[in-house]
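Using UniProt numbering, you'd call the opening residue of the sequence shown number 1 and step up by one each time.
To start, the structure itself, in C-alpha cells.
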Amino acid sequence: MIGSLGDIIFYASDLNVFSLKKELSRSRKAKITQHEPIYGIGKVRQQGRELMEVSLSIELIAGLTKAPSLHLQMLKDFMELGRYAPLILGYHVIGEFPFLITGIEETLSHFNAVTGEFDYINLDITLLEYVDDPLQYQKKIEHRQTAKTILGVEYEDTVKNLQKKVFKL
C-alpha cells in the first residue's frame, strides 16, 4: 500500500497499479484581514489559517491497471457524494483534518476500439481540508498555544541561566 484516501487505497503490485504520480503539492495560507481607517495607518490582523489545499495527479494505464474506468468512477463517487476522509501517504497522515475532493480534471487518450474504453487516463485531483467541527479546531489551537507557553517558560529559564553565567565571567 502506498497510501489511501478513506477506503480508496493507492497501491502497486505485479498485476495492478493504482498510484500517485511523482508529486503532490500543498497550499497553506494565513487568514489575514486588513482594517483601513479613514485617517491614519491601517491595521493587519492574523485570524488563523485558511483550509489546506492538496493537489495530486494519478495516471491510470490499461496495461498496468485492470480497470481504469472503475478507479475513475470510485474517485468521482467520492467527490459527488461529498465524502471526506484522512489522506495517508506511506506512514504519514497529511494535514490535521480529513480531506474531500473538490475537483477532478481528467485527460483521456488512446481509445481502445476492442474494449471501447480509453487505455490512458490522466487525473489531476484537488482536495480541500474538511473541518466538520470548528470547536475541535479551536481546541487544537489552544492546546498548541499552552504547549508553546510551557516550552517558552522552560526556554526562558535556560536563557536566564546562560546570561547569569556570562555576566559572572
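Cβ coordinates follow ideal geometry from the N, Cα and C atoms, glycine included.
Any heavy atom of the ligand ADP closer than 6 Å to the Cβ of residue i?
i    : result
I101 : Among the components modelled here there is no ligand, and therefore nothing to report on the ligand ADP.
State buried or exposed for residue i, treating a residue as buried only when at least 16 other CB atoms are found within 10 Å of its CB.
i    : result
E129 : buried
I101 : buried
H35  : exposed
H71  : buried
Y39  : exposed
I32  : exposed
Could you check whether residue j and residue i sit closer than 7 Å to each other, using their CB atoms as the reference points?
i    : j    : result
H110 : D119 : yes
G103 : T126 : yes
R49  : A30  : yes
E117 : S69  : yes
S27  : E53  : yes
G3   : L89  : yes
L24  : L56  : yes
For the alpha helix (DSSP H) that residue i lies in, which residues bound it at each end?
i   : result
E80 : P68 to E80
Let me check one thing: in DSSP terms, what residues is residue i bridge-paired to?
i    : result
Q34  : V44
E59  : N122
G3   : F10 and L89
L24  : L56
E129 : F99
Y84  : L100
Under 7 Å between C-beta atoms, does residue i make it to chain D?
i   : result
A30 : Here chain D cannot be found, since the structure has a single protein chain.
Counting only runs that start and end within the stretch 92 to 126, where is the beta strand (DSSP E) found for 3 or more residues in a row?
92 to 112
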